[in-house]
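Encoded as structure tokens, the structure appears first; notes follow it.
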Amino acid sequence: MRMIVKKPASEPEYSLHDAHIMELQAERDTLRLVTQYGYVCTAAPYGQVDGDVELTGVDWDSSYIYIIEYQDVLCGNCGAFTGKKMTLETFLLEHSDGTLDIMDESYGFRLTVLSGFLNLQDHILEFKLEIYYTGEIRYLLKE
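Read left to right, the sequence shown gives residues 18 to 160 (my numbering).
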């Protein structure tokens, strides 16, 4: 039997873990994540860098966000919840005032998945964001 082993995905140059996203900006097929204080370099000396992130070639009809609201437990804990799935485009229209705290990120074939906490004016919810794209991930470093 012939065996083929999938090559591991390359490590991203920067990590969005613990990044605070102040705004999501959509322009044509590009999504820009505007950070409050940047993100972390994954190579030594592992410092914080200031900048934003862009994903190009975003397919708005195939990009979704799942919003989770916990019932009788603190956000992020195990327990009962209710939720809603919507397109990223709809989310941008309905929650333009929300900010995101990224806790985890993963990258697959033409897919970036971010998860963490959605901060709205009156409460905190959990989210999972699936961004389907055919372009690039661009780290826009502020000098």
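Backbone N, C-alpha and C fix where the C-beta goes; we use that ideal spot for every residue, glycine too.
For the alpha helix (DSSP H) that residue i lies in, which residues bound it at each end?
| i | result |
| --- | --- |
| LEU110 | 105-111 |
Are the CB atoms of residue i and residue j nearer to each other than 8 Å?
| i | j | result |
| --- | --- | --- |
| SER80 | TYR124 | no |
| ILE21 | CYS92 | no |
| ARG52 | ILE38 | The question names Arg, but residue 52 is Thr in the sequence shown. Going by C-beta atoms, THR52 is nearer than 8 Å to ILE38. |
| ILE119 | ALA26 | no |
| LEU109 | VAL130 | no |
Please classify residue i as buried or exposed, where buried requires at least 16 other C-beta atoms within 10 Å of its C-beta.
| i | result |
| --- | --- |
| ASP69 | buried |
| GLU44 | exposed |
| PHE144 | buried |
| GLY55 | buried |
| LEU41 | buried |
| LEU33 | buried |
So, for residue i: in the same chain, excluding its five sequence neighbours on each side, which residues have a beta-carbon less than 6 Å away from its beta-carbon?
| i | result |
| --- | --- |
| GLY176 | No answer is possible for residue 176: it lies beyond the span of the chain, which begins at 18 and ends at 160. |
| GLY64 | CYS58 |
| VAL90 | GLY96 |
Quick check on residue i - is its C-beta less than 8 Å from some C-beta in chain B?
| i | result |
| --- | --- |
| LEU142 | No chain B is present in this structure, which holds just one protein chain. |
Return the first residue and the last residue of the beta strand (DSSP E) that residue i is part of.
| i | result |
| --- | --- |
| SER123 | 116-125 |
Closer than 8 Å by C-beta to residue i: which residues in its own chain qualify, once you throw out the five before and the five after it? Chain order, please.
| i | result |
| --- | --- |
| GLY133 | LEU117, ASP118, ILE119, MET120, ASP121, GLU143 and PHE144 |
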